[in-house]
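Colleague: Quick one: structure below, then a few questions.
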Amino acid sequence: MQPKIMMKKKSISASKASLVLFLCQMISALDVPLDSKLLEELSQPPTITQQSPKDYIVDPRENIVIQCEAKGKPPPSFSWTRNGTHFDIDKDAQVTMKPNSGTLVINIMNGGKAEAYEGVYQCTARNERGAAISNNIVIRPSRSPLWTKEKLEPNQVREGDSLVLHCRPPVGLPPPIIFWMDNAFQRLPQSERVSQGLNGDLYFSNVQPEDTREDYICYARFNHTQTIQQKQPISVKVFSTRPVTERQPVLLTPTGSTSTKVELRGNVLLLECIAAGLPTPVIRWIKEGGELPANRTFFENFKKTLKIIDVSEADSGNYKCIARNTLGSAHHVISVTVKAAPYWITAPRNLVLSPGEDGTLICRANGNPKPSISWLANGVPIAIAPEDPSRKVDGDTIIFSQVQERSSAVYQCNASNEYGYLLANAFVNVLAEPPRILTPANKLYQVIADSPALLDCAYFGSPKPEIEWFKGVKGSILRGSEYIFHDNGTLEIPVAQKDSTGAYTCVARNKLGKIQNEVQLEIKDPTVIIKQPEYKVIQRYGQVSFECIIKHDSTLLPTVIWLKDNDELPDDERFLVGKDNLTIMNVTDKDDGTYTCIVNTTLDSVSASAVLTVVAAPPTPAIIYARPNPPFDLELTGQLERSVELSWIPGDENNSPITNFVIEYEDGLHEPGVWHYQTEVPGTQTTVQLKLSPYVNYSFRVIAVNEIGRSQPSEPSEQYLTKSANPDENPSNVQGIGSEPDNLVITWESLKGFQSNGPGLQYKVSWRQKDVDDEWTSVIVANVSKYIVSGTPTFVPYEIKVQALNDLGYAPEPSEVIGHSGEDLPMVAPGNVQVHVINSTLAKVHWDPVPLKTVRGHLQGYKVYYWKVQSLSRRSRRHVEKKILTFRGNKTFGMLPGLEPYSTYKLNVRVANGKGEGPASPDKVFRTPEGVPSSPSFLKITNPTLDSLTLEWGSPTHPNGVLTSYILKFQPINNTHELGPLVEIRIPANESSLILKNLNYSTRYKFYFNAQTSVGSGNQITEEAVTIMDEAGILHPAVGAGKVQPLYPRIRNVTTAAAETYANISWEYEGPDHAHFYVEYGVAGSKEDWKKEIVNGSRSFFVLKGLTPGTAYKVRVGAEGLSGFRSSEDVFETGPAMASRQVDIATQGWFIGLMCAVALLILILLIVCFIRRNKGGKYPVKEKEDAHADPEIQPMKEDDGTFGEYRSLESDAEDHKPLKKGSRTPSDRTVKKEDSDDSLVDYGEGVNGQFNEDGSFIGQYSGKKEKEPAEGNESSEAPSPVNAMNSFV
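Just so you know, we're using our numbering here: the sequence shown kicks off at 246 and counts up by one.
Written out as structure tokens, the structure reads:
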């Protein structure tokens, strides 16, 4: 077997990736390297890459998509069978096959019927090398049949007896989910005494008086069709007999003493025992002769259900459930047998052989009972398939001997027993390929002396080539212990020496041919620190220097990095890094530490360290510091063509040592008057050897530098004109980038004047297409830094070089750079886009990369466009705002953050190059799960009385799911601002108001209010309110004597009266006198800051002017100087703009006078009536009511520790009496049953939901509230069923 050749590849196209996947699974004598050019040329039989599940249940209302995707070379064609016969899709107008795919789309939404397409489907993918087949895909439409109507008799049960309420749901496909609720859509509480069985029945171990009710309703939810059906309500009445007889346990299910259970390997085993008895029995489980499996055993339904996940044959045995109470016990033994559908031991793997080789396909599976193995060739049973003399079938193995190219085929192994089957495709691909060497020609390897050298020779051929190495073109074959020859063709020289430098030739040969490749090896000198930094002790505020002088190979460019305590140097200008040293100026205590010099080259790295210790400096007299004086007496000596020596005399240091000298030069020939930086030297040096360029008229000046600053420049030196010469260097930053798909723009940075080295500077621009045997094309240009080559192919590589020349000749031969002609837009979209939703705000998207040749440019990355289509909680669409995330490089996945919970999103993926974006992939739809809701939009507390408050609220702006309930918590606040006991109430999600009764009078309460979804609770809002002191809402003088003002100020009852462009704001204030108020307002729902208006004096009203007509505003009132003291917010809307201004009658004097007269007249009439009525004497109604009071309607006492029930505002407006204790049906949910016995009341318990004709719920539910008159108690609408259903299912 040829070992795998390890090669680094940055990207492989989608079509090549699948080929790699299967070629890397071989067990043959050949492994195929991951070389893109090689993979494009190799033939491959078809391989199924994607298919629908074996048992495929479809929604009968949606199109049916049966997936079948395959890869191969050449690309395969597809065909289908249905129920074992050919399925001619061209004859059925409702059936189409996707292009370049085998996936079928059956159009149900345009007239097709899903039932007509039930059956067993199988896909075949075929090319010239064989045929692969899919599993048998059984298509069945989902069914949600009607509930059989039955007449249910009321159940009358004696207290303490057991009871079973049968659900008996209709048989659906798939089976429905069962749950029990009442007519208020509240889930029935379950416990050890009352619980639902696996069959959906509701079991009572013993009944209690509180079990009496008429609304035990069994619901069945069919997920595929998104419908919910309900059984007729069941009535249970418990009658009491005293005393209640206790009974020992008796099993309600299963019956008898023993039973059997068969489960399949890998499934979840569920065993159930539910017992009757009084007291309620407790269930315990054991396994006879063994222990329950650890980490896989769970108890559910109050230990009545034993759950074992991922069962295996070892879990077979007898399981005993024991029900026990104080009077005795009962038990039941369940004999469990674990069978197994077939599962793989060794699945057949693809086989790649060369002509004349041998190989085997092995197919081994296990199961209980033992599965039978059968083979197919290209989808045909092997017994009737065309004969192949190289093939022999031996049970679960096919043996191949002396294969030929015609032996290529796809084989299928089928392992089946009575519980299922497995089908695997594995191809045999016979390849005859001459040797190929994949390592680039003339590849250069650079190695440090005395280190190992590894020279690659990646190869491929069929049959497997033999590899030999030679040194030089005509050298002898390499042998001996100084070389190591690896199986993948790599030559290793364990200790490379200087004499190892040279060319090495790799030769690969098999019977189909021979090929060779030459690589180059260079041995470099190691990098050495010849003078290392030394330990230093320095006084505080002094100067210290560490040296680090190195010796390195002349062809390697070293970089020197200094570290302090193994970290970067502080960002401080006191640290000066020179070529061979590190200098620290004005040393402080924090500079203590270890300093390390690290020298890196492209091939090696060395380091050395030294410690710096800082000590205190002795006191010194005050010294005046200043910048140094400029150097003087500059002198040029030793003039040569390319160098000169400059010397100078330093000026006065002015009490601060000179740290360095900066040398600048002026080019009087090209840039007179402009001074350029030349070099700098340490402050102890007064001479320097300067390197010069030809054809420059030099003048020099020197600047001294100390800690205080820089000196003035010295006087210029004498001028020195250097001779002309050929250019020493070529233009830098040479690039080749196309601006259009058919051109190549070559650019470079021109040489500066002094770099020309002489007159007549020009550039020779040369180019040729890479990897094509073309001659160089050249052109000579001057005074430009760009040249455009037209008529090029789109995005192909070019070798480019730009050479400088002047009147004296050419610069040295320039190095070549690789450029590319112009890009064009990508051709194809990414495929196989998949979305994995991680949580309610985050998703991960995957895609297959596009083939690189279709990018037609530099791959910039992939862009994911995504947008929200719909919020599932609000059912409303809004303007689509697309968002874009860019993933650089050849990434095939990315994260989408910041999603909104419980929403439907779409996305597509596009590939981008330097030109732009390619086509978008088909839109992918995904949904985010529920999250926690935002806080309710508002909370208002109104209608305070002596012992009650009315709460009104708005639903959350962002529900982020289906609301399950609201949570209200409240507690009193005493006179010292201390909080009393906290009371919590859970409120149905469809309520929007609540009356809290039996509160303490004249007491402040603090309320905390939030909404809940099935995920959890959202943010809460708080509010405070006070019950009134008496019925009039104020203290009478006699009663209020000695009472104090509220402990802290309050502003309440903010009211608004809005007109077209103004609004009157009024409020009530309790607190210290002389408060100064302000009014804040803004547009409702806007995120803009509040606008603030100051109220003059201590008035309790204000007029807001300049408002916009027809606009909703929010408003609140506050008091100056009281931090955080504001009223609750109120919302009002200005009137619509009028076409013409009319006179406001309410502001006319005559109208006001008339209204006052009318009011006075009515007041006089009322006084007269009151006097006449009281002449008949008083009737003690209040005393009689107190004497004959109904105890059930009396308010609760303060020390009772409880609060009154709550109900809706609609009901309270018509009936001010509290609910009677023990009442099971709230007054606002009672519906009088009419004479008809077959009304919707029988099915929905008075719920105003929408129903199908069969009585089942449909996907959307009514949320509209209506009042309907009823006898007795008034009825308001019951909760919307959509929230209740989704909350408990």
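Every residue gets a Cβ at the ideal spot worked out from N, C-alpha and C, and that includes glycine. Keep in mind that this is a model prediction, so the values were computed, not measured.
Please report the Cβ distance between Pro976 and Ser1001, rounded to the nearest whole angstrom; I am assuming they are in contact, meaning their Cβ atoms lie under 8 Å.
Modeller: Pro976 to Ser1001, Cβ: 11 Å. No contact.
Colleague: Return the chain-ordered list of same chain residues with a C-beta closer than 8 Å to the C-beta of Ser1166, the five sequence neighbours on each side being excluded.
Modeller: Only residues of its own chain outside the window of five on either side were considered, and among them Ala1074, Pro1075, Gly1076, Val1078, Trp1092, Asn1153, Val1154 and Arg1155 have a CB closer than 8 Å to the CB of Ser1166, listed in chain order.
Colleague: How is Gln1014 classed by DSSP in three states: helix, strand or coil?
Modeller: Three-state result, Gln1014: strand.
Colleague: Going by beta carbon distance, what residues of the same chain come within less than 8 Å of Gln861, once the five residues before and after it are set aside?
Modeller: Reading off the sequence, residue 861 comes out as Ala, not Gln. Same-chain partners within the cutoff: Gln784 and Arg785.
Colleague: Return the first residue and the last residue of the beta strand (DSSP E) that Thr294 is part of.
Modeller: That run of the beta strand (DSSP E) goes Gln289 to Gln296.
Colleague: DSSP puts Met1140 in a beta bridge; with which residues?
Modeller: Lys1089
Colleague: Alpha carbon to alpha carbon, what distance is there between Gly573 and Gly562?
Modeller: 26 Å
Colleague: Inspect the beta-carbon positions of Val452 and Leu408 and report whether they are closer than 7 Å.
Modeller: yes
Colleague: Using the Cα positions of Val1029 and Lys1046, report the straight-line distance between them to the nearest angstrom.
Modeller: Our two residues, Val1029 and Lys1046, have alpha carbons roughly 15 Å apart in a direct line.
Colleague: Leaving out five residues before and five after Thr839 in sequence, what residues of the same chain have Cβ atoms less than 6 Å from its Cβ?
Modeller: Asp810, Ser854 and Val856
Colleague: List, from N- to C-terminal side, the beta strand (DSSP E) runs of 3 residues or more that fit wholly inside the stretch 737–818.
Modeller: 747–755, 758–769, 773–776, 781–784, 789–792, 794–796 and 804–809
Colleague: Check whether the stretch 416–427 and the stretch 387–399 touch, using three or more Cβ-Cβ pairs below 8 Å as the test.
Modeller: yes
Colleague: In angstroms, rounded to a whole number, what distance separates the CA positions of Thr1209 and Gly1263?
Modeller: Roughly 12 Å separates the two Cα atoms.
Colleague: Since Ala669 and Pro600 are thought to touch, with beta carbons under 8 Å apart, how far apart are those beta carbons, to the nearest angstrom?
Modeller: 26 Å between Cβ atoms; not a contact.
Colleague: Mind checking whether Val851 and Thr772 have CB atoms under 7 Å apart?
Modeller: Yes.
Colleague: When DSSP labels each residue in this structure, what does Glu286 get in the three-state scheme?
Modeller: helix
Colleague: By the three-class DSSP mapping on this structure, what secondary structure does Gly1278 have?
Modeller: Since pLDDT at Gly1278 reaches only 41, below the 50 mark, its modelled position is unreliable, and no value is offered.
Colleague: Beta strand (DSSP E) containing Ile531: first to last residue?
Modeller: Val527 to Lys532
Colleague: For the candidate residues Val1024, Ile590 and Ile479, whose alpha-carbon lies nearest to that of Ala610?
Modeller: Ile590
Colleague: For Pro1201, tell me which candidate among Thr1195, Phe1183, Pro1217 and Pro1189 has the shortest Cα-Cα distance.
Modeller: Phe1183
Colleague: DSSP on Arg1452, reduced to helix/strand/coil?
Modeller: In this prediction, Arg1452 has a pLDDT of 37, which is less than 50 and means its spatial position is unreliable; what the coordinates show is noted afterwards. Three-state DSSP puts Arg1452 in coil, outside helix and strand.
Colleague: Considering only the alpha carbon of each residue, which of His411, Glu536, Ser1118 and Ala1404 lies closest to Tyr564?
Modeller: Glu536
Colleague: Just reading off the beta strand (DSSP E) that Glu1175 is part of, what are its end residues?
Modeller: Per DSSP, Glu1175 belongs to no beta strand (DSSP E) and is neither H nor E.
Colleague: Taking Glu779 as the reference, which of Asn372, Thr828, Thr1022 and Thr1131 has the closest Cα?
Modeller: Thr828
Colleague: I'd like to know if Val495 contacts chain D, where contact means its C-beta is closer than 7 Å to some C-beta of that chain.
Modeller: Absence of chain D from the displayed structure is noted, only one protein chain being present.
Colleague: Do Ser1011 and Val1041 count as a contact pair if the criterion is CB distance below 7 Å?
Modeller: Cβ distance not < 7 Å, so Val1041 and Ser1011 don't count as in contact.
Colleague: Does the Cβ-Cβ distance between Lys584 and Leu516 come in under 7 Å?
Modeller: no
Colleague: Name the DSSP beta bridge partners of Met426, please?
Modeller: Arg432 and Ile462
Colleague: Do Lys1350 and Ala1329 have their C-beta atoms closer together than 7 Å?
Modeller: no
Colleague: Give the secondary structure of Cys1401 by DSSP, where H, G and I count as helix, E and B as strand, and everything else as coil.
Modeller: helix
Colleague: Keeping to the same chain, check which residues put their C-beta closer than 6 Å to that of Ile579; ignore five residues upstream and five downstream.
Modeller: Ser504, Lys506, Leu516 and Tyr564
Colleague: Would you report the Cα separation of Arg1249 and Glu1325, rounded to the nearest angstrom?
Modeller: 25 Å
Colleague: Does Ala361 come out as helix, strand or coil in the three-state DSSP assignment?
Modeller: helix
Colleague: In this structure, does DSSP put Trp1021 in helix, strand or coil?
Modeller: coil
Colleague: Where does Ile627 sit, in a helix, a strand or coil, going by DSSP?
Modeller: Note: Ile627 maps to coil in three-state DSSP.
Colleague: Determine, using beta-carbon pairs with one atom in the stretch 786–798 and one in the stretch 888–897, whether at least three such pairs fall under 8 Å.
Modeller: No: fewer than three Cβ pairs fall under 8 Å.
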